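Here is the structure we will look at.
Number of protein chains: 2
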Amino acid sequence: MSSHVCDVLVIGGGIIGLTAAWRALEAGASVVVLDPSPGDGATHAAAGMLAPVMEAGFGEEGQARLGTASLALWPAFADALERAAGLPPGAVGLETTGTIALAYDGDDLVALRRMLALHHEWDLGSVEISPDEARRREPGVGLRVAGAAWVPGDHRVDPRAVRAALAAIAARRTLVPRAAISLTWADGAVVGAIDDAGTAYAAGTVVLAAGHASASLFAGAPTRPVPGTTLRLDADADRAPAVVVRGTVQGRPVYAVPRRVRPDGRREVVVGATSDEREDDHLTRAGDVFALLRDARALLPGLDDAVLLGATTRSRPGSPDNAPLLGWAADGLYLATGHHRNGILLTPLTAAAVDRALGVARSAEPRPSGVAPASVEAAVEAATRFANPRRFADPVLSAAGIPHGAIRGGTS
Amino acid sequence: MSSHVCDVLVIGGGIIGLTAAWRALEAGASVVVLDPSPGDGATHAAAGMLAPVMEAGFGEEGQARLGTASLALWPAFADALERAAGLPPGAVGLETTGTIALAYDGDDLVALRRMLALHHEWDLGSVEISPDEARRREPGVGLRVAGAAWVPGDHRVDPRAVRAALAAIAARRTLVPRAAISLTWADGAVVGAIDDAGTAYAAGTVVLAAGHASASLFAGAPTRPVPGTTLRLDADADRAPAVVVRGTVQGRPVYAVPRRVRPDGRREVVVGATSDEREDDHLTRAGDVFALLRDARALLPGLDDAVLLGATTRSRPGSPDNAPLLGWAADGLYLATGHHRNGILLTPLTAAAVDRALGVARSAEPRPSGVAPASVEAAVEAATRFANPRRFADPVLSAAGIPHGAIRGGTS
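Protein chains in written order, with UniProt numbering: chain A, 1 to 412; chain B, 1 to 412.
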């Protein structure tokens, strides 16, 4: 049995794990990332909506505030990432051009207006617009849409491009394509892990970022798979949306997230997403593809002419309350998992939390202009569920729900 | 410029070209097959319905007779092919278990009954059955189906397995993965071809079996691409049809062709097919996938739970009248193309035609039991459009339509 020693062992090579690895390298740590299929988890299916506003539901203001805080960090995060990876500006596809929300029928419009009232109460900036106005902004919007809203606070990024940039920085030096099969404990502290080849890794800190599989390594990270399917379309730019278009069709949510127009005048559009409670597999159901296409073409009929490049089914890391499992869960064990539908959105906030956890100098952080350092601190604090290493043993963690009050104070 | 000499040069490595190659090898000829992407043409998308009955439309009795004649040859053809390829019996997936035809709504039922009246007139054996009887035979049939028929004369085979068997015989020895770019002529006869690497092939006979691309090599083979999409599903055997199920849903045709159940209790089901008049590409339209799934699940709702393995879009070789372009079109040039929707069905008849053209001894032919040699002769004659080498120069061939009378006399 061979063994390795490193400062930080990251379990999971998705967008969250590689972000943690990047921040650890930035802090001067020696880093190993374990992932048996790097880049083939939830990140691979993610559309890249940065949607703290439209994803915010009733009773989830805290969640909305976390998302808004993380979205504010995205421009500086993208910029620092592109520079660190040696990529040109814009390479990770961050586009802050807003979102059009659509209501297909009258019932959908009632629901949309209820959502807009909530957004107004929370001061999130969304406004109802007429279907004609929606078509003026986005000519592909179908003629049978009952209502619309302009959501200036929701944006997009390309998750595969983000992950590729992170891999260019971190993974080449540090990635081991093996699965961690257990953590190594000593005196109540995590001191490393063992992989499926029997190799032992001794680490000062283990970052558990194994997505939905995290629970299998540490019961205090109660993740579960939430499989979802997205479709990748390739469309004439004239027939594809230029901004994120989302909505509900007879109560069923659907979205279309465009990538940038390529030199050939076409662009990729990601349509999503289903959400299931079942075991993890990578198998796409015919009925899910049917349902996504049916609802997407109800809002954007021109998508019929798009080329269907493929369907991707991967499992989001669900947590009991849909909020991320972030923080020191034991001495030596930092959790960065359970991001559910919001992994891409919450990546910069996770990076900031990891920076603090690993003691990255403030001056080395991606520093957002126009975001006060104090509000970053507050958001990190609000997002960090396990502030106290001893707390992972608290009996509440083994209960079905984790109390929200402590982490849902809001950041405003 | 290098050069090769062979008895028979086959242009095209799909099911038709490889069948011609097999028959030529069987006749003792030296053979070269040219195909830049062997196995990636219409054969790759074909579902493998052997449906002379349900594909027969008004005014196409001749076509139906050709199909029926070729279907009668399929068992002997499959048997000979499996033996020649060293495969176990049944390897090419021939199943003569009949077809259930469904009518989704009342209008579809009116059309189905009109079709059944025609089949009755032609003595094809189809009978109307109740939707309950259809569900008794095939439990997956949806509850909202208005009518049904039992079509004992339509069967199925696995085109990819057929092609693989042919490739095992012929292609290993003879296949050159290059495109033919032109035929070589001398004194009004075809004497070979040149490939895209500049290699010249001198051949006693050139068999043109390049599918929809045949027209680009020989203007007397007026083929055009007729792109179509099929979907491959993988389903629990309990939730998938056991026989071919086809029908119309509000006038739109759709079919589901099952493969055999695998040891894991699942089976593949091919759903098809769209039919377009456009340039050849291999790009699957989102709207086509939507339409196929919508109609297939209307007839077989259980398909929703099937895994969507993928979509395949390839171009059938259309001819001006949808009948194959078969026969000596010039001295040295044998056409075997333009099979449109019926390439798989008409493969054994094409093999018989090639046998006669190349002088394969009757004793070496796949000999169907229960099919009189005379009726094979008559079918081959009926299918052979260009009986006379000089006829390819006939002005009618350059017109949009080719007269049907000469080849549509029927074989009964």
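Just so you know, even glycine gets a beta-carbon here, dropped at the ideal spot from N, CA and C. Here the structure is a predicted model, which is why all the values come from computation and not from measurement.
### Message
Using a 10 Å radius around the Cβ and a threshold of 16 neighbouring Cβ atoms, would you call A/V110 buried or exposed?
### Response
Start at 1 with the first residue of the first sequence, and residue 110 of chain A comes out as number 110. By the 10 Å Cβ count, A/V110 comes out exposed.
### Query
Just how far apart, CA to CA, sit A/T230 and A/L208?
Taking the first residue of the first sequence as 1, we reach residue 230 of chain A at position 230. Taking the first residue of the first sequence as 1, we reach residue 208 of chain A at position 208. Answer to the nearest angstrom: the Cα atoms are 26 Å apart.
### Message
Looking at chain A, is there any beta carbon in it that lies within less than 8 Å of the beta carbon of B/T284?
### Response
Taking the second sequence and counting its residues from 1, one reaches residue 284 of chain B at position 284. Answer yes: the Cβ-Cβ gap between B/T284 and chain A drops below 8 Å somewhere.
### Query
Short check: CB of A/V249 to CB of A/A298, under 8 Å?
Numbered from 1 along the first sequence, position 249 holds the residue referred to as residue 249 of chain A. Numbered from 1 along the first sequence, position 298 holds the residue referred to as residue 298 of chain A. Cβ distance < 8 Å, so A/V249 and A/A298 count as in contact.
### Task
Mark B/P258 as exposed unless 16 or more other C-beta atoms lie within 10 angstroms of its C-beta, in which case mark it buried.
The residue you call residue 258 of chain B lines up with position 258 of the second sequence. Counting Cβ neighbours within 10 Å, B/P258 comes out buried, since at least 16 surround it.
### Message
Which residues does DSSP list as the beta-bridge partners of A/R266?
### Response
One-based indexing of the first sequence puts residue 266 of chain A at position 266. In DSSP, A/R266 forms a bridge with A/D236.
### Message
Quick check on DSSP: helix, strand or coil for B/I344?
### Response
Walking along the second sequence from the start, residue 344 of chain B turns up at place 344. Coil at B/I344, not helix or strand.
### Query
What is the rounded straight-line gap between the Cα of B/L143 and the Cα of B/L71?
Residue numbering aside, residue 143 of chain B sits at position 143 when the second sequence is read from its first letter. Residue numbering aside, residue 71 of chain B sits at position 71 when the second sequence is read from its first letter. For B/L143 and B/L71, the distance between alpha carbons rounds to 32 Å.
### Own chain partners of A/A149 with C-beta closer than 7 Å, once the 5 adjacent residues on each side are dropped
Here residue 149 of chain A is taken as the residue at index 149 of the first sequence, counted from 1. Cβ neighbours of A/A149 beyond the five flanking positions: A101, L112, L116, S126, V127, E128, I129.
### Message
Can you check whether the C-beta of A/A21 is within less than 8 Å of a C-beta belonging to chain B?
### Response
One-based indexing of the first sequence puts residue 21 of chain A at position 21. No - not a single Cβ of chain B is within 8 Å of the one on A/A21.
### Query
Does the beta-carbon distance from A/E50 to A/L345 come in below 8 Å?
The sequence position of residue 50 of chain A within the first sequence is 50, counting from 1. The sequence position of residue 345 of chain A within the first sequence is 345, counting from 1. Note on residue identity: the sequence assigns Leu, not Glu, to residue 50 of chain A. Against a cut-off of 8 Å, the Cβ pair of A/L345 and A/L50 comes out as a contact.
### Message
With a threshold of 8 Å between beta-carbons, can B/L143 be considered close to chain A, or not?
### Response
Position 143 of the second sequence holds residue 143 of chain B. It does not; no Cβ of chain A falls within 8 Å.
### Task
Please classify B/P253: does DSSP put it in a helix, a strand, or coil?
For the purposes of this step, residue 253 of chain B is taken as residue 253 along the second sequence, with counting starting at 1. In this structure, B/P253 counts as strand in the three-state DSSP scheme.
### Query
Helix, strand or coil for A/P389 per DSSP?
Counted from its first residue, the first sequence places residue 389 of chain A at position 389. In this prediction, A/P389 has a pLDDT of 40, which is less than 50 and means its spatial position is unreliable; what the coordinates show is noted afterwards. Reduced to three states, the DSSP call for A/P389 is helix.
### Task
Let me know if B/R136 comes out buried or exposed under the rule of 16 or more other beta-carbons within 10 Å of its beta-carbon.
The residue you call residue 136 of chain B lines up with position 136 of the second sequence. When all chains shown are included, B/R136 counts as exposed.
### Task
At 8 Å on the CB atoms, spell out the chain A contacts of B/D123, in chain order.
Here residue 123 of chain B corresponds to residue number 123 of the second sequence, with the count starting at 1. Going along chain A, no residue has its Cβ under 8 Å from B/D123, so there is no contact; the nearest lies around 38 Å.
### Task
Verify the CB distance criterion: does B/S287 have a CB-CB separation below 8 Å to chain A?
Position 287 of the second sequence holds residue 287 of chain B. Rather than Ser, the amino acid found at residue 287 of chain B in this sequence is Gly. Chain A, which has a Cβ nearer than 8 Å to the Cβ of B/G287, makes this yes.
### Task
Please classify A/D195: does DSSP put it in a helix, a strand, or coil?
Taking the first sequence and counting its residues from 1, one reaches residue 195 of chain A at position 195. If DSSP states are grouped into helix, strand and coil, A/D195 belongs with the strands.
### Task
Tell me whether B/E82 sits in a helix, a strand or coil according to DSSP, three-state version.
As a first step, residue 82 of chain B is located in the second sequence; it is residue number 82 there, counting from the start. Residue state, collapsed to three classes: helix.
### Message
Alpha carbons only, please: which of B/S319, B/A291, B/S275, B/V53 is nearest the one belonging to B/S214?
### Response
The residue you call residue 214 of chain B lines up with position 214 of the second sequence. Answer by Cα proximity: B/S319.
### Message
Any contact between the region 190-202 of chain A and the region 41-49 of chain A? By contact I mean 3 or more CB pairs, one from each, below 8 Å.
### Response
no
### Task
Run the CB neighbour count on B/F306, radius 10 Å, all protein chains shown included, and call it buried at 16 or more, exposed below.
By one-based count along the second sequence, residue 306 of chain B stands at place 306. Here the sequence assigns Ala to residue 306 of chain B, which means Phe is not the residue at that position. Answer is buried; the Cβ neighbour count reaches 16.
### Task
Tell me whether A/T248 sits in a helix, a strand or coil according to DSSP, three-state version.
By 1-based counting over the first sequence, the position of residue 248 of chain A is 248. Looking at A/T248 - three-state DSSP - the assignment turns out to be strand.
### Query
Listing by chain order, which chain A residues have their CB less than 8 Å from the CB of B/R297?
Within the second sequence, residue 297 of chain B is the residue found at index 297, counting from 1. Going along chain A in sequence order, the residues near B/R297 (Cβ under 8 Å) are A286, G287, F290.
### Query
How would you list, in chain order, the residues of chain B whose beta-carbon sits under 9 Å from the beta-carbon of A/L50?
Within the first sequence, residue 50 of chain A is the residue found at index 50, counting from 1. Those within 9 Å of A/L50 in chain B number zero; the least Cβ separation is about 24 Å.
### Message
Quick check: what's the CA-CA separation for B/A91 versus B/E82?
### Response
In the second sequence, the residue the question calls residue 91 of chain B occupies position 91. In the second sequence, the residue the question calls residue 82 of chain B occupies position 82. So the two alpha carbons sit approximately 7 Å from each other.
### Message
Please identify, using Cβ separations under 9 Å, the residues of the region 60-86 of chain A that lie next to chain B, in order along the chain.
### Response
none
### Query
With a Cβ-Cβ cutoff of 8 Å, do B/D79 and B/T205 count as a contact?
Numbered from its first residue, the second sequence carries residue 79 of chain B at position 79. Numbered from its first residue, the second sequence carries residue 205 of chain B at position 205. Against a cut-off of 8 Å, the Cβ pair of B/T205 and B/D79 comes out as no contact.
### Message
Distance cutoff 8 Å, beta carbons only. Does A/L303 sit that close to anything in chain B?
### Response
Here the question's residue 303 of chain A lines up with position 303 in the first sequence. Cβ-Cβ to chain B under 8 Å: yes for A/L303.
### Buried versus exposed, by CB contacts within 10 Å (16 or more), B/A186
Numbered from 1 along the second sequence, position 186 holds the residue referred to as residue 186 of chain B. Under this definition B/A186 is an exposed residue.
### Query
So what does B/T337 bridge to, in DSSP terms?
Mapped onto the second sequence, residue 337 of chain B falls at position 337. According to DSSP, which records beta bridges pairwise, B/T337 is partnered with B/L325.
### Query
So, helix, strand or coil for B/L9, using DSSP?
Taking the first residue of the second sequence as 1, we reach residue 9 of chain B at position 9. Strand at B/L9.
### Closest Cα partner of A/V270 within the set A/H282, A/G247, A/A311
Translated into positions along the first sequence, residue 270 of chain A becomes position 270. With distances taken between Cα atoms, A/V270 lies closest to A/A311.
### Task
Please list the residues of the region 109-123 of chain A that have a C-beta atom closer than 7 Å to any C-beta atom in chain B, keeping them in chain order.
none
### Nearest-angstrom Cβ-Cβ length linking A/A235 and A/R267, presumed shorter than 8 Å
Position 235 of the first sequence, counted from the first residue, corresponds to residue 235 of chain A. Position 267 of the first sequence, counted from the first residue, corresponds to residue 267 of chain A. That belief holds up - the Cβ atoms of A/A235 and A/R267 are roughly 6 Å apart, short of 8 Å.
### Query
What in chain B is Cβ-close to A/R294, meaning under 8 Å?
If you number the first sequence from 1, residue 294 of chain A lands on position 294. Correct list: F290, R294.
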